[in-house]
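Read through the structure below, which is laid out as structure tokens, and then see the notes.
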Amino acid sequence: MFESLQDRLEGAFKNLKGEAKITELNIASTVKEIRRALVDADVNYKIAKEFTDTVKDKAEGEKVINAISPSQLMVKIVKDELVSLMGGEAAPFNAKGNPAVILIAGLQGSGKTTFSGKLASYLKKQKMSPVLVAADVYRPAAMEQLRVLGEQIGVDVHLELENKNPVEIAQNAIRDARSKNKNVVIIDTAGRLAIDEAMMTEVANIKNAVNPQEILFVVDSMTGQDAVNTAKAFNDRLDYTGVVLTKLDGDTRGGAALSIKYTVNKPIKFISSGEKMDTLDVFYPERMAQRILG
Ligand code: GDP
Numbered sequence: 001m002f003e004s005l006q007d008r009l010e011g012a013f014k015n016l017k018g019e020a021k022i023t024e025l026n027i028a029s030t031v032k033e034i035r036r037a038l039v040d041a042d043v044n045y046k047i048a049k050e051f052t053d054t055v056k057d058k059a060e061g062e063k064v065i066n067a068i069s070p071s072q073l074m075v076k077i078v079k080d081e082l083v084s085l086m087g088g089e090a091a092p093f094n095a096k097g098n099p100a101v102i103l104i105a106g107l108q109g110s111g112k113t114t115f116s117g118k119l120a121s122y123l124k125k126q127k128m129s130p131v132l133v134a135a136d137v138y139r140p141a142a143m144e145q146l147r148v149l150g151e152q153i154g155v156d157v158h159l160e161l162e163n164k165n166p167v168e169i170a171q172n173a174i175r176d177a178r179s180k181n182k183n184v185v186i187i188d189t190a191g192r193l194a195i196d197e198a199m200m201t202e203v204a205n206i207k208n209a210v211n212p213q214e215i216l217f218v219v220d221s222m223t224g225q226d227a228v229n230t231a232k233a234f235n236d237r238l239d240y241t242g243v244v245l246t247k248l249d250g251d252t253r254g255g256a257a258l259s260i261k262y263t264v265n266k267p268i269k270f271i272s273s274g275e276k277m278d279t280l281d282v283f284y285p286e287r288m289a290q291r292i293l294g
């Protein structure tokens, strides 16, 4: 993951290896390299600039510390800033309710249905009793995909093949879950290939009708700056509670992971890295920063 960014940052720190102390000049050249590396990893220029300005200020402020080498100092400052850029602490995920309602939104192909299955599987392992709800009334194949996933992980799937009203399906599913003592309802909504008013209205209507504990926006990390634009558009309409980054097992450059929290001020809560049901992780900014720095 993020190999290119990792290599580039390593290169930037290497420039400092032979230096006896940190100076304005070597800080400036290192910071410039870091900025280039971030922009090439698809981090928006403004974010990259602000990031490196902070790194520069911190490095200059620490000039007098001689205990660690300039390159170690710079790695530490960059790591701290990466953690801060990605939100600092891991964000809590709220699956408490009677039942808790989790609404899943995002573009078609982002990995919503796969993530819904993974989340159900994850919660089941924590001794919760989740139900999956197929609220994509336009694509019978999506409903079938969720049914198959549910079967695979041993989780009930609420399906209403003849009902074309997703709000009603969601409400029925919640009522049904309550009567069966299921404590989490995960609603997989319809996506489109691009942002579209009808899709947004539909998800917003479901949100208003079912008052979810969590609204998770699912986004494909491979789509780079587009991921960030989509995240913004969905947040403007849905005011979601968290982001799920998918396909981190692919050849993603890292821009989305680094820019989303800054842009929408919502935490990344989960990362998904594969098609198998056990490839879901809670997002920890600290661990991600460590992985980026190698
Ligand atoms: P949806 O249209 O948003 O519901 O997206 P799907 O869940 O159907 O996923 C679209 C495609 O991406 C499918 O082929 C999935 O198997 C694949 N996919 C989903 N999540 C991941 C992931 O984390 N890694 C990889 N490599 N593929 C994924």
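FYI, the UniProt record's numbering numbers position 153 of the sequence shown as 153, with every residue one higher than the one before it. Virtual Cβ for every residue (Gly too), placed ideally from N, Cα, C.
Per-residue DSSP class, three states only, for residue i
i    : result
L73  : helix
D278 : coil
G87  : coil
A289 : helix
L159 : coil
T201 : helix
T252 : coil
E62  : coil
L19  : It should be pointed out that residue 19 corresponds to Glu in this sequence rather than to Leu. E19: coil per DSSP, three-state reduction.
K14  : helix
M143 : helix
P92  : coil
G294 : coil
P212 : coil
F2   : coil
I169 : helix
D80  : helix
In DSSP terms, what residue i is bridged to
i    : result
L245 : V219 and I271
A100 : V184
G106 : V218
R189 : Looking at the sequence shown, residue 189 is not Arg but Thr. According to DSSP, which records beta bridges pairwise, T189 is partnered with A135.
Whole-angstrom distance between residue j and residue i, CA atom to CA atom
i    : j    : result
A20  : E50  : 27 angstroms
A90  : L146 : 28 angstroms
Y240 : N211 : 12 angstroms
R237 : V137 : 21 angstroms
G109 : V244 : 13 angstroms
K17  : S273 : 34 angstroms
K96  : L25  : 53 angstroms
I206 : D226 : 25 angstroms
V228 : N208 : 25 angstroms
D42  : V184 : 36 angstroms
V282 : R36  : 29 angstroms
V167 : I195 : 20 angstroms
T252 : M143 : 28 angstroms
K112 : D188 : 7 angstroms
V133 : N163 : 13 angstroms
K76  : A12  : 13 angstroms
E10  : V264 : 29 angstroms
A289 : V101 : 31 angstroms
K127 : I174 : 19 angstroms
Cβ neighbour criterion (16 or more within 10 Å) applied to residue i
i    : result
T201 : exposed
S4   : exposed
P140 : exposed
V155 : buried
E33  : buried
S121 : buried
I271 : buried
P99  : buried
E214 : buried
I276 : According to the sequence as given, residue 276 is Lys; it is not Ile. Exposed, since its Cβ has fewer than 16 Cβ neighbours within 10 Å.
S179 : exposed
D7   : exposed
V148 : exposed
P92  : exposed
Beta carbon proximity, residue i to chain D, threshold 9 angstroms
i   : result
K76 : This model lacks chain D altogether; it includes just one protein chain.
> Which runs of the beta strand (DSSP E) spanning at least 3 residues fall entirely within the stretch 111-141, listed in chain order?
Replying inline: 130-135
> What residue ranges within the stretch 23-55 form continuous alpha helix (DSSP H) runs of no fewer than 4 residues, ordered along the chain?
Replying inline: 24-40
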